[in-house]
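Residue numbers (this note's numbering): 6 to 167. For each residue, glycine too, the CB sits at the ideal point set by N, CA and C. Owing to the predicted nature of the structure, the values given are computational and were not obtained by experimental measurement.
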């Protein structure tokens, strides 16, 4: 024999408009709370603001190809003081555009040397070794190049003109 069904009578409860409004408000609050919690959990997993400070964005490391795509100016060592200063400015702009790391500046900049300037830098490599020559700070190499390629008489003449 099949089991008997028990019927439960659900006493009709009457809801007022105020009760309905409160239920809606409670539902909205719960939905907002759940959404915030999901966002917080996702941000924590991703390292976002809700989970604490994020790591700095991964910087693209400057490669020689990327540096050369910026079209750095070449320097031959025969152009004079004004051209050398302009070359410094253009190379430093290229460093900035290509986001060149400090440790690569000398190596990349000297790759644009030709003629007398290249011969001079090759003598630095022979004297010091490639690692030491390329490992010097850019400011030091700039000073060495200024000493080599800006004759004192030309610098004096330029100073007199100013």
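Self-check item: Extent of the continuous alpha helix (DSSP H) run through residue 141
Solution: Run containing residue 141: none; DSSP gives neither H nor E here.
Quiz prompt | residue 133 (DSSP reduced to helix, strand or coil) | solution = Residue 133 sits in a helix when the DSSP states are folded into three classes.
Exercise. Name, in chain order, the residues that DSSP records as bridge partners for residue 118.
Key: Bridge partners of residue 118: 80.
Quiz item: Unbroken alpha helix (DSSP H) runs of length 4 or more, entirely within the region 90-115: which are they?
Solution: The region 90-115 contains these whole alpha helix (DSSP H) runs: 110-115.
Quiz item: Looking at residue 86 and residue 133, is the spacing between their C-beta atoms short of 8 Å?
Solution: No. Outside cutoff.
Quiz item: What number of angstroms, rounded off, separates the C-alpha of residue 56 from the C-alpha of residue 45?
Solution: Model confidence at residue 56 stands at a pLDDT of 48, short of 50, so the residue's coordinates are unreliable; what they give is reported in the following sentence. Whole-angstrom Cα-Cα distance: 7 Å.
Quiz item: Going by other Cβ atoms of all chains shown within 10 Å of its Cβ, with 16 needed for buried, is residue 138 buried or exposed?
Solution: By the neighbour-count criterion, in which 16 or more other beta carbons inside 10 Å mark a residue as buried, residue 138 falls on the buried side.
Practice problem: Could you check if residue 36 is buried or exposed, using at least 16 other CB atoms within 10 Å of its CB as the buried criterion? | Solution: With fewer than 16 Cβ atoms within 10 Å of its Cβ, residue 36 is classed as exposed.
Quiz item: Under a CB-based cut-off of 8 Å, is residue 87 close to chain D?
Solution: In the structure shown, chain D does not exist; there is a single protein chain.
Quiz prompt | Buried versus exposed, by CB contacts within 10 Å (16 or more), residue 118 | solution = Its Cβ being crowded by 16 or more others within 10 Å, residue 118 is buried.
Self-check item: Cβ neighbour criterion (16 or more within 10 Å) applied to residue 115
Solution: Under a 10 Å Cβ-count criterion, residue 115 is classified as buried, with 16 or more other Cβ atoms of the shown protein chains found around its own Cβ.
Quiz item: The alpha helix (DSSP H) spanning residue 159 covers which residue range?
Solution: Its alpha helix (DSSP H) spans residues 157-166.
Quiz prompt | Environment of residue 156 [buried if 16+ CB atoms lie within 10 Å] | solution = That one is exposed.
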